[in-house]
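**Student:**
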Ligand code: NDP
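Numbering (the working numbering), first residue to last: 288 to 574.
1) Any chance the CB of residue 304 is under 8 Å from a heavy atom of the ligand NDP?
2) Examine the ligand NDP and report whether any of its heavy atoms sits within less than 8 Å of the Cβ of residue 394.
3) Going along the chain, which unbroken runs of the alpha helix (DSSP H) with 4 or more residues stay wholly within the segment 358 to 444?
4) Please report the distance separating the alpha-carbon of residue 416 from that of residue 507.
5) Name the DSSP beta bridge partners of residue 484, please?
6) What's the C-alpha gap between residue 411 and residue 435?
7) Quick one: measure Cβ to Cβ for residue 444 and residue 469, integer angstroms, because I've assumed they're closer than 8 Å.
8) Can you tell me the Cα-Cα spacing of residue 407 and residue 399, whole angstroms?
9) How should residue 491 be labelled, buried or exposed, when 16 other C-beta atoms within 10 angstroms of its C-beta is the threshold for buried?
10) Under the three-state reduction of DSSP, which class applies to residue 501: helix, strand or coil?
11) Taking just the CA atoms, how far does residue 352 sit from residue 534?
12) Given 8 Å as the limit, is there contact between the segment 366 to 384 and the segment 314 to 328, that is, 3 or more CB pairs closer than that?
13) For residue 352, which residues does DSSP report across the bridge?
14) Can residue 247 be considered in contact with the ligand NDP, in the sense that its beta carbon sits closer than 8 Å to one or more heavy atoms?
15) Quick check: is any heavy atom of the ligand NDP less than 8 Å from the C-beta of residue 474?
16) Using DSSP's beta-bridge definition, name the partner residues of residue 306.
17) Would the C-beta of residue 298 count as close to the ligand NDP, meaning under 8 Å from any of its heavy atoms?
18) Helix, strand or coil for residue 457? Go by DSSP, reduced to three states.
19) Say yes only if the C-beta of residue 500 is nearer than 8 Å to one or more non-hydrogen atoms of the ligand MG, and no if none qualify.
20) Under three-state DSSP, which class holds residue 474?
21) Would you say residue 534 touches the ligand NDP, meaning its beta carbon is less than 8 Å from a heavy atom?
22) Please state if the CB of residue 524 and the CB of residue 308 are separated by a distance shorter than 9 Å.
23) Which residues in the same chain have their Cβ closer than 6 Å to the Cβ of residue 575, if we skip the five residues on either side of it in sequence?
24) Which same chain residues, not among the five before or five after residue 450, have their C-beta less than 6 Å away from its C-beta?
25) Starting from residue 541 and walking both ways along the beta strand (DSSP E), at which residues does that stretch end?
26) Under the assumption that residue 558 contacts residue 519 (Cβ atoms under 8 Å), give the Cβ distance between them as a whole number of angstroms.
27) Would you kindly work out how many angstroms separate the C-alpha atoms of residue 290 and residue 499, rounded to a whole number?
28) Would you mind stating whether residue 547 and residue 358 have Cβ atoms separated by less than 9 Å?
29) From what residue to what residue does the beta strand (DSSP E) around residue 559 run?
In structure tokens form, the structure reads like this:
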């Protein structure tokens, strides 16, 4: 076979982007499968995004991740957006189809895969409460709705954003999505199957904060999930575990959105354990 020194390129565009650990996880996965692929973590300011996407096309890059502030702005530079990403209104992953760049959103799909794989819960017909109505919540709500969750409740402190997200996603997915204004402590009912913290409460450096939620009435099987991954051990999850409830941390969502990205780009299945270990190492967490 003739020598082939050409590397395939993927990467992440964002600003700031230096602390994004995804590259460490993807490069470990490429190495583990002997793939000559590189993941470039690139600082791209908003006014250069158009040029940067032209660069993706010129270099024949195989795919991309987008992070703050490009997840919405990138859409106008792509050839097509997947239906769920169009509903979410944001793209965090781009894949190639020939010369065309297709926008995807793997955040909610990653969450769903973590719920199914790591927690062993099928969201179909489940009643789910989602705290927050930002980008992460939108992605999670959309994928839960498309996966057949029976009832979704958006609990948010800002009425405008919460109401708009619930109404818009309900109209687009035809799922039952309601809004509850978050004032004081939110008391979880005994009919909730899955509770998700999709706010940024607990995110570094605010590590001692916890969403004001009372889950004393929850049924013993209610799965409590946190999207915060830095740190993955949050006071919210600790309180849930103290009450004997099963929990799922934000690392699972982060790993699985990367796993799905890897599959979309390479067409191969990565070694999930390798990705998890690389991510934990990159975040300075014990293996
Ligand atoms: P946004 O800024 O878009 O949304 C933040 C949400 O949190 C809003 O609904 C906001 O409410 C709510 N919120 C923030 N602070 C408070 C507070 N003190 N009390 C009540 N509500 C609050 O952020 P994202 O959705 O992009 O990110 C949310 C979290 O998800 C972050 O921690 C991020 O790191 C994490 N994330 C994790 C991923 C993973 O793979 N694990 C992937 C993507 C994100 P309001 O509308 O009232 O302002």
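Ideal placement from N, C-alpha and C gives every residue a C-beta, glycine not left out. Owing to the predicted nature of the structure, the values given are computational and were not obtained by experimental measurement.
**Tutor:** Checking against the coordinates, here is how it stands:
1) Walking along the chain shown from the start, residue 304 turns up at place 17. The answer is no for residue 304.
2) Locating residue 394 in the chain shown gives position 107, where the first residue counts as 1. For the ligand NDP, at least one heavy atom lies less than 8 Å from the Cβ of residue 394.
3) 370 to 375, 394 to 404 and 422 to 433
4) The residue given as residue 416 occupies position 129 in the chain shown. The residue given as residue 507 occupies position 220 in the chain shown. In a straight line, the C-alpha of residue 416 is about 16 Å away from that of residue 507.
5) Looking up residue 484 in the chain shown gives position 197. Partner(s): 418 and 513.
6) In the chain shown, residue 411 corresponds to position 124, counting from 1. In the chain shown, residue 435 corresponds to position 148, counting from 1. Spanning the two alpha carbons is a distance of roughly 5 Å.
7) For the purposes of this step, residue 444 is taken as residue 157 along the chain shown, with counting starting at 1. For the purposes of this step, residue 469 is taken as residue 182 along the chain shown, with counting starting at 1. Confirmed, Cβ separation roughly 4 Å.
8) By 1-based counting over the chain shown, the position of residue 407 is 120. By 1-based counting over the chain shown, the position of residue 399 is 112. Their Cα atoms are separated by approximately 10 Å.
9) Here residue 491 refers to the residue found at position 204 when the chain shown is read from its first residue. So residue 491 ends up on the exposed side.
10) The residue labelled residue 501 in the question sits at position 214 within the chain shown. Strand at residue 501.
11) For the purposes of this step, residue 534 is taken as the residue at position 247 of the chain shown. For the purposes of this step, residue 352 is taken as the residue at position 65 of the chain shown. Straight-line Cα distance between these residues: approximately 28 Å.
12) no
13) The residue labelled residue 352 in the question sits at position 65 within the chain shown. In DSSP, residue 352 forms a bridge with 299 and 380.
14) Not covered by the structure: residue 247. The range shown for the chain is 288 to 574.
15) Counting from one through the chain shown, the residue named residue 474 turns up at place 187. It does not: the Cβ of residue 474 is nowhere closer than 8 Å to a heavy atom of the ligand NDP.
16) Position 19 of the chain shown, counted from the first residue, corresponds to residue 306. Residue 306 pairs with nothing; no bridge assigned.
17) Residue mapping note: residue 298 aligns to position 11 of the chain shown, counting from 1. No, the ligand NDP has no heavy atom inside 8 Å of this Cβ.
18) The sequence position of residue 457 within the chain shown is 170, counting from 1. It is helical.
19) Of the ligands one can find in the structure shown, namely the ligand NDP, none is the ligand MG.
20) In the chain shown, residue 474 corresponds to position 187, counting from 1. If DSSP states are grouped into helix, strand and coil, residue 474 belongs with the strands.
21) By one-based count along the chain shown, residue 534 stands at place 247. Outside the cutoff, so no.
22) The count along the chain shown starts at 1 and reaches residue 308 at position 21. The count along the chain shown starts at 1 and reaches residue 524 at position 237. It is not a contact, given that the beta carbons lie outside the stated cut-off.
23) Here the chain comprises residues numbered 288 to 574, so residue 575 is not present and cannot be evaluated.
24) As a position in the chain shown, residue 450 is number 163, starting the count at 1. 466, listed in sequence order.
25) Counted from its first residue, the chain shown places residue 541 at position 254. From DSSP, residue 541 is part of no beta strand (DSSP E) but of the alpha helix (DSSP H) over 537 to 553.
26) Residue 558 sits at position 271 when you count from the first residue of the chain shown. Residue 519 sits at position 232 when you count from the first residue of the chain shown. Not a contact, Cβ separation roughly 20 Å.
27) One-based indexing of the chain shown puts residue 290 at position 3. One-based indexing of the chain shown puts residue 499 at position 212. Between residue 290 and residue 499, the C-alpha separation is close to 59 Å.
28) Reading the chain shown from its first residue, position 260 is the one you call residue 547. Reading the chain shown from its first residue, position 71 is the one you call residue 358. Contact flag unset, no.
29) The sequence position of residue 559 within the chain shown is 272, counting from 1. Careful: residue 559 lies outside any beta strand (DSSP E), inside the alpha helix (DSSP H) at 559 to 569.
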